[in-house]
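Counting from 0, one number per residue, gives the positions in the sequence shown under numbering that gives the first Met the number 0. Built from N, CA and C at the ideal position, the CB exists for glycine as well.
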Amino acid sequence: MKPALRRPKAWPLLALAAIATGFVVLGHDGRRVAQMLVLLLPALAWMAWPVRSVAVHRARRVAVLAAVMAFAADGVVRAYLLDTYQSAPDGAVVLGALANTNARESGEYLQMHWRTAALWCAVLGAAGYAVWRLTAHGLRRRSAAAAGAANDAADGGAAATRVEVAPRRAWLALLVVAFAFGALAHASKPWRRLHPVVFWTQWVDDAGDLRTAWADQQRMRDAALQHAHAAAPQVTRAGPSTVVLVITDSINRDNLGLYGYGRNTTPRLAAAQRREPQQMTVLRHAWSVDASTLPAMANMMRFGQPTAADAQHLLPLARAAGYKVWWMSNHDDVAIEQQHARLADEVEIVNRVPGRASASLDGELLDCVQEALEDPAERKLIVVHLLGAHPHYRLRFPGTQENPFDDAVDAVESELIAKARPAWVRRFRQDYDNALLYHDFVVAETLQLTRTVGRLAEYRAWVYVSDHGQEVGHGSDHVGHSPSTASGYRIPAIVWRNQVPADAPSVAERPFRADWLGWTVSDLLALQWKGQVAGRDVLADDYRWEAPVLPVKVRSYLD
Ligand SMILES: [Zn+2]
0 MKPALRRPKA WPLLALAAIA TGFVVLGHDG RRVAQMLVLL LPALAWMAWP
50 VRSVAVHRAR RVAVLAAVMA FAADGVVRAY LLDTYQSAPD GAVVLGALAN
100 TNARESGEYL QMHWRTAALW CAVLGAAGYA VWRLTAHGLR RRSAAAAGAA
150 NDAADGGAAA TRVEVAPRRA WLALLVVAFA FGALAHASKP WRRLHPVVFW
200 TQWVDDAGDL RTAWADQQRM RDAALQHAHA AAPQVTRAGP STVVLVITDS
250 INRDNLGLYG YGRNTTPRLA AAQRREPQQM TVLRHAWSVD ASTLPAMANM
300 MRFGQPTAAD AQHLLPLARA AGYKVWWMSN HDDVAIEQQH ARLADEVEIV
350 NRVPGRASAS LDGELLDCVQ EALEDPAERK LIVVHLLGAH PHYRLRFPGT
400 QENPFDDAVD AVESELIAKA RPAWVRRFRQ DYDNALLYHD FVVAETLQLT
450 RTVGRLAEYR AWVYVSDHGQ EVGHGSDHVG HSPSTASGYR IPAIVWRNQV
500 PADAPSVAER PFRADWLGWT VSDLLALQWK GQVAGRDVLA DDYRWEAPVL
550 PVKVRSYLD
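Here you go:
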């Protein structure tokens with residue numbers, strides 16, 4: 000007996016296609032959306048292919064679920080990276096960060112961003128459930144006898160199993176074309192590379208390659224030193240001197256009491272400035288041109304030309320001029336170590352054990368700073384790389400440090416409430432400010448050591464700068480690194496000298512950009528070399544400000 004014919008229902012297939020398209024559109028645009036959908040076409044076409052065997056039907060459900068969810072996850076991750084970092088996953092910033100991360104940092108990142116992650120996981124979970132239900136409606140063909148039995152068989156999608164379909168030739172031909180089209184797309188390399196499975200496998204490989212490339216950059220360092228010697232740098236100041244360069248992480252100057260913040264986050268630095276107002280220049284309008292560590296560091300060390308072949312690197316330049324250079328760091332960071340730290344004569348990295356939060360407090364570096372200051376070398380450049388307030392904020396101060404900002408509703412809290420910032424953002428702000436309080440202790444201590452340890456009659460300078468800023472509910476409900484808001488770029492920058500400098504009082508009011516830091520540090524080191532560019536040292540009379548090109552709109556650099 001021939002089974003009755005019923006038209007297969009189109010809506011499950013359309014619903015599946017709609018879900019997949021929704022996620023693809025999240026992470027791709029333009030032609031790429033179409034390419035992605037063509038890559039997904041065979042899976043969708045298979046849904047419309049009448050299969051007979053129960054086993055094949057089940058295998059198809061699993062395969063279609065896997066395919067659609069791979070595309071969905073791809074779309075979500077891409078959308079997240081685009082929103083947070085304005086970058087594709089294979090962009091230099093994201094790939095560099097992935098290659099450079101370690102288990103501890105990933106853990107801290109997740110601790111900080113688990114809300115977003117949980118939200119997207121919930122969305123993917125719900126979509127996965129819907130897709131699984133829809134796959135039950137995959138087209139099936141059975142004999143009359145089987146059809147009768149199948150009506151009782153529990154197979155999830157009751158509706159589908161009862162549909163009897165005799166395939167029409169035209170329909171089958173259309174499906175064959177769809178399969179062929181999809182297969183063709185898979186055969187083309189530029190198309191295939193977009194397939195989530197291929198793309199993300201390649202992505203992990205690329206990050207691994209990058210890490211391997213970083214693992215030994217000795218040749219590049221040798222070349223940098225040679226290049227520095229070729230420029231014949233000289234020290235134009237007679238006698239011994241020491242310059243301490245403190246580079247911190249993720250400090251937004253808007254949260255420093257020293258810069259007028261409503262919470263007293265910098266009692267020690269403020270006291271230092273009151274004590275020696277003429278010797279301590281707080282640059283009020285300091286900006287980073289990068290929102291993350293790697294590019295910021297490259298810019299600061301390489302005079303704002305991180306990729307130019309003929310650009311100098313500050314460290315070998317100082318060494319070639321006769322300085323002994325230290326790099327001491329609380330970062331466990333392969334790229335920074337290979338590209339910068341190892342250019343120094345002495346490298347001290349105190350944060351070698353991932354996961355040991357106690358060992359990663361910046362205060363651990365103070366002994367190293369003291370030892371370097373006591374070193375008898377005539378000329379010294381001491382670079383101190385702090386974790387500052389890098390997320391996760393709670394790990395940036397000792398567990399025993401009470402948070403003075405979390406009990407009463409103060410002006411800062413009221414302002415955040417007025418801006419309708421959610422409670423979790425306000426909570427992060429309190430942690431951030433407490434991290435700054437500990438940071439103030441460490442930074443002020445490095446200044447105090449510079450003032451009091453070793454050969455005090457010599458020339459001494461101390462510079463403090465952050466690699467980039469941080470968004471903690473300033474301009475959006477976002478917390479963390481922030482390429483898309485001005486807060487991601489607003490940094491503190493302070494210069495102290497033991498001799499009263501002849502700076503005009505207006506120096507502190509000049510806008511400053513961190514990618515020009517090298518020129519100012521060279522001034523403090525009294526370096527002179529072939530290829531020096533005038534106008535970029537913020538302390539010099541001939542300083543000529545040029546606004547940087549940032550990915551965000553900045554109303555005024557004098558803000
Ligand atoms: Zn950073």
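Nearest-residue set for ligand 1, Cβ under 5 Å from any heavy atom: Going down the chain, each residue whose beta-carbon is closer than 5 Å to a heavy atom of ligand 1 shows up: Asp248, Thr292 and Asp466.
Could you work out which residue in His330, Leu209, Arg378 and Val175 is closest to Arg454 when comparing CA atoms only? Arg378
For my contact list, Leu133 and Leu40 are in at a C-beta cut-off of 8 Å; report their separation, rounded to the angstrom. 16 Å between Cβ atoms; not a contact.
Verify whether the separation of the beta carbon atoms of Phe511 and Val494 is less than 7 Å. no
For Tyr463, report the span of its beta strand (DSSP E) as first-last. Tyr458 to Ser465
Counting only the same chain and skipping the five closest in sequence on each side, list residues whose C-beta sits under 7 Å from that of Val196. Take Val196, set aside five residues on each side of it, and the residues of its chain with a beta-carbon closer than 7 Å to its own are Ala69, in chain order.
Coil, strand or helix - Lys552 by DSSP: coil
Gln225, DSSP secondary structure in three states: helix
What residues match up with Ala492 in a beta bridge as DSSP calls it? Among the bridge pairs identified by DSSP, Ala492 is matched with Val464.
What residue range is occupied by the uninterrupted beta strand (DSSP E) comprising Ser521? From DSSP, Ser521 is part of no beta strand (DSSP E) but of the alpha helix (DSSP H) over Leu516 to Leu524.
In chain order, which alpha helix (DSSP H) runs of at least 4 residues are fully inside the stretch 229–304? 266–274 and 292–300
Per DSSP, what are the beta-bridge partners of Gly479 in this structure? Glu470
Would Asp361 and Val441 be called neighbours here (beta carbons separated by less than 7 Å)? Contact: yes.
Quick one: measure Cβ to Cβ for Ala388 and Leu436, integer angstroms, because I've assumed they're closer than 8 Å. Not really, about 10 Å apart at Cβ, beyond 8 Å.
Let me make sure I understand the geometry here. Which of Tyr84, Met111 and Val50 has the alpha-carbon closest to that of Val478? Met111
DSSP state of Arg60 mapped onto helix, strand, coil: helix
Considering only C-alpha positions, which residue in the set Ala54, Leu268 and Asp248 is nearest to Pro294? Measuring C-alpha to C-alpha distances from Pro294 to each of Ala54, Leu268 and Asp248 identifies Asp248 as the nearest.
Among Glu401, Ala116 and Trp131, which one has its Cα closest to the Cα of Val63? Trp131
Report yes or no: do three or more beta-carbon pairs, one from the stretch 298–313 and one from the stretch 88–104, lie closer than 8 Å? Contact fails: fewer than three Cβ-Cβ distances are below 8 Å.
Could you tell me how far apart the beta carbons of Ala58 and Gly181 are, in whole angstroms, since I believe they sit closer than 8 Å? Their Cβ separation, rounded to whole angstroms, is 18 Å, which puts Ala58 and Gly181 out of contact at 8 Å.
Among Ala485, Arg318 and Cys367, which has the Cα closest to the Cα of Ala525? Arg318
In this structure, does DSSP put Val50 in helix, strand or coil? strand
Contact between the stretch 448–466 and the stretch 409–421 (3+ Cβ pairs under 8 Å): no
For Ala17, which residues of its own chain have a beta-carbon under 8 Å away from its beta-carbon, when the five flanking residues on both sides are left out? none
So what's Arg486 in DSSP terms, helix, strand or just coil? For the sequence presented, residue 486 should be read as Ser rather than Arg. Correct three-state label for Ser486: helix.
Which residue from Ala116, Gln277 and Val462 puts its Cα closest to that of His384? Val462
Who pairs with Phe511 in a beta bridge, going by DSSP? Ala285
Are the beta-carbon atoms of Glu107 and His391 separated by less than 7 Å? yes
Nearest-angstrom Cβ-Cβ length linking Ala376 and Pro315, presumed shorter than 8 Å: In fact, because the Cβ distance is near 16 Å, the residues do not count as touching under 8 Å.
Local conformation of Leu138 per DSSP, three classes: Correct three-state label for Leu138: coil.
Out of curiosity, what's the CA-to-CA distance linking Met327 and Pro403? 30 Å
Return yes when the Cβ of Tyr84 is within less than 7 Å of the Cβ of Val93, no when it is not. yes
Applying the criterion that 16 or more other CB atoms from any shown protein chain within 10 Å of the CB defines a buried residue, is Ala172 buried or exposed? Classification for Ala172: exposed.
Ignore the nearest five residues each way along the sequence and tell me which others in Asp430's own chain have a CB closer than 6 Å to its CB. Tyr392 and Arg393
Which runs of the beta strand (DSSP E) at least 3 residues long sit entirely within the stretch 299–345? Give them in chain order. 323–328
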